[in-house]
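Asks:
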Amino acid sequence: PALQGLVPDAPVVYIGTFSKTLYPGLRLGYVVIPRPLVSDLKHAHAELYRGGHSLIQMALAEFITAGHYSAHIRRMRLLYSRRRAFLTELIQRHCMPYALSDFSDNAGLHLILNLPAEADDVAIAKEANARHILVRPLSRYYLTAARKKGLLMGFASQPEEQMAPAFSVLLDCLQTHCPQMLLPREDAEKQNAPT
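So this is what it looks like as C-alpha cells:
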C-alpha cells in the first residue's frame, strides 16, 4: 500500500516527473499533497514559479484524461519486461550463476551484473565504455569501504536485437579482466542449442 494510505491524514507528499515515463525534454513534474497543504502550496507556487508551460500542461492533462498515458505505461511495462528477460537470459547463458544479482527482480530499468570481489569494476566499465557499451561500476555507488564489485546495466533504451552484440563486447571485456566468472564456452553453446 502507499505510505499515505496507511495513515490518511499523514503529511505525505509525492513528487514525481514525467521525464522517465514520457520524454526527458518535457520537463514537467507533479506533486500529490494532502488537502490541508493545497492552499500553502498554491501560494508558494505563485510566488516562486514564473514559467509558462501552460500549453504543454494542458496537452499532457488531455493525454492523461483520454487514457493515453495509462496505455503508454502498459506498453512500456511489457516492452521493458521483455528487455529485462532477454538481458537476464544473456547473463544466465554466459556467466556463472552468481553473476545475476539478487536485486534483479522485476523492478527498475537496470540489472546488476555481480563480479568477483577481486575484479576491478571501474577498469571493466572504462574498457566497455570505450567500446561504446555503457555500463557503470557498482563500487562507485557505495559510501563505505566494503564495496561489492559489479556493473550496473541499463536496458530500457536498448532494443533486443542490439543487446546480444553489445553483450558480446561486454563478454570480451570480462574475458580480459575476470574470465573465472564466465561459463566455459562449450557450456554456453549447449545453452544456445535449440531444444
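Residue numbering for the sequence shown is 1 to 195, as defined by the UniProt record's numbering.
Don't be surprised by glycine CBs; every beta carbon is placed ideally from N, CA and C.
Here's the rule I'm using: 16 or more other beta-carbon atoms within 10 Å means buried, otherwise exposed. How should Gly-67 be labelled?
Replies: Under this definition Gly-67 is an exposed residue.
Asks: State whether the stretch 152–165 contacts the stretch 128–136, with contact taken as three or more CB pairs (one from each stretch) at a distance under 8 Å.
Replies: Cβ pair count under 8 Å is three or more, so yes.
Asks: Decide if His-94 is buried, meaning its Cβ has at least 16 other Cβ atoms within 10 Å, or exposed.
Replies: It is buried - the Cβ of His-94 has at least 16 other Cβ atoms within 10 Å.
Asks: If we require 4 or more residues per run, which alpha helix (DSSP H) segments fall completely within the UniProt domain "Aminotransferase class I/classII large" (8–148)?
Replies: 35–48, 54–65, 68–94, 121–130, all fully within the UniProt domain "Aminotransferase class I/classII large" (8–148).
Asks: Measure the CB-CB distance between Lys-126 and Ser-139 and report whether it falls below 8 Å.
Replies: No. Outside cutoff.
Asks: Can you grab the Cα-Cα spacing for the pair Ile-115 / His-43, in whole Å?
Replies: The residue you asked about is not Ile; residue 115 is Leu in the sequence shown. Roughly 51 Å separates the two Cα atoms.
Asks: Which residues bound the beta strand (DSSP E) around Leu-170?
Replies: It is not in any beta strand (DSSP E) - Leu-170 instead sits in the alpha helix (DSSP H) that spans 160–177.
Asks: Drop a sphere of 10 angstroms on the beta-carbon of Asp-40, count the other beta-carbons inside from all chains shown, and report buried for 16 or more, exposed for fewer.
Replies: That one is exposed.
Asks: Assuming the contact rule is C-beta atoms closer than 8 Å, Met-163 and Leu-90 should be a hit. Round their C-beta distance to whole Å, please.
Replies: Yes, Met-163 and Leu-90 are in contact; Cβ-Cβ is about 7 Å, under 8 Å.
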